[in-house]
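K.L.:
Heads up: the sequence shown begins at 162 in our numbering, then just goes up one per residue.
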Amino acid sequence: MDDQRAAAVLELSHRILTLKLLPRTGWLQRGMANVESIAEHSFAVASLALLVGDLLPDIDRGRLLAIALLHDMAEVLISDLPASARRFFGPGVKQQAERKALIELFDRLPQGEEYLELWTEYTEGSSREARLVKALDRLEILVQALAYERAGSRGLEDFWQDSDSGWSDEFPLVRLMVNDLLDERRRVLAA
């Protein structure tokens, strides 16, 4: 039994390693070279979850970190689908594909059902932890966009379009961070 579990974990870990090689396609579509990988993005989101989550009341750190690590795990099989491609999908199609991918990935793990439930919690935003990870996922995109803009990239306005749309309002600390990023971006673009 332990041999089977060990084999299942190793198999999945080998598959997860592919996220280190898969680029975030939204950046590639802007003609950028040397863009972050899906794994780098996921690590940044998980790091933000740890740092921000510890500053907020009523956050279950273990649940928060698990959701952060799982939020893009399906991309092991379906890759990073940019918004330009997702607009051609019907409602829920991407989520259904991700769910099927995760079922396949977690099939041999004893805790696979629990992982799938945490991912579902994330997609539905049904817990404070899930909503925080969603907000931090978007925040990380802004952090990365600003890093690229500091390095001289331009034409990333669409990544900033919804930065004031209320997605961070549940978490005033995250809202403050978004505002700080917007202020810094104005300075970078004015220079």
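By construction, the Cβ of each residue, glycine as well, lies at the ideal position given by its N, Cα and C atoms.
Out of A194, S208, T179, point me to the one whose CA is closest to E301's CA.
P.N.:
Comparing Cα-Cα distances from E301 to each of A194, S208, T179, the minimum goes to S208.
K.L.:
Leaving out the 5 sequence neighbours to the left and right, which residues in its chain are closer than 6 angstroms to A205 when beta-carbon positions are compared?
P.N.:
Contacts found: E301.
K.L.:
From which residue to which residue does the alpha helix (DSSP H) around R311 run?
P.N.:
289 to 311 is the span of the alpha helix (DSSP H), which, as asked, contains R311.
K.L.:
If we count Cβ pairs, one from each stretch, closer than 8 angstroms, do we get three or more for the region 181 to 192 versus the region 236 to 250?
P.N.:
A contact exists between the region 181 to 192 and the region 236 to 250.
K.L.:
Rounded C-beta distance between I228 and L279? I'm assuming under 8 angstroms.
P.N.:
About 5 angstroms; that satisfies the 8 angstroms criterion.
K.L.:
Considering only residues of the same chain and omitting the five flanking positions on each side of D330, which have a CB-CB separation below 8 angstroms?
P.N.:
Contacts found: R336.
K.L.:
Counting C-beta neighbours from all protein chains within 10 Å, is the total for A210 16 or more, i.e. buried, or is it exposed?
P.N.:
Burial call: buried.
K.L.:
Quick test of your reading: V349 and R299, contact by CB under 8 angstroms. State the CB separation rounded to the nearest angstrom.
P.N.:
19 angstroms between Cβ atoms; not a contact.
K.L.:
Answer yes if the region 195 to 203 comes into contact with the region 313 to 325, meaning at least three C-beta pairs across the two stretches below 8 angstroms, and no otherwise.
P.N.:
At 8 angstroms Cβ cutoff, the stretches do not touch.
K.L.:
Starting from the Cα of L189, find the closest Cα among G316, D341, L270, P252 and give me that residue.
P.N.:
Nearest option by C-alpha distance: G316.
K.L.:
For S198, which residues does DSSP report across the bridge?
P.N.:
Partner(s): P184.
K.L.:
Give the single residue among A258, S314, N340, E345 whose Cα lies nearest to the Cα of D325.
P.N.:
It is N340 whose Cα lies nearest to the Cα of D325.
K.L.:
What did DSSP end up calling P333 once you bin it into helix, strand or coil?
P.N.:
It is helical.
K.L.:
With distance defined between alpha-carbon atoms, name the residue in I264, R260, Q305, E275 nearest to T284.
P.N.:
Looking at the Cα atoms, R260 is the closest of the given residues.
K.L.:
Is the distance from the Cβ of A244 to the Cβ of G187 below 8 angstroms?
P.N.:
Result yes, Cβ atoms of A244 and G187 sit closer than 8 angstroms.
K.L.:
Among A194, D163, D164, S174, which has the Cα closest to the Cα of G313?
P.N.:
Cα-wise, what sits closest to G313 is A194.
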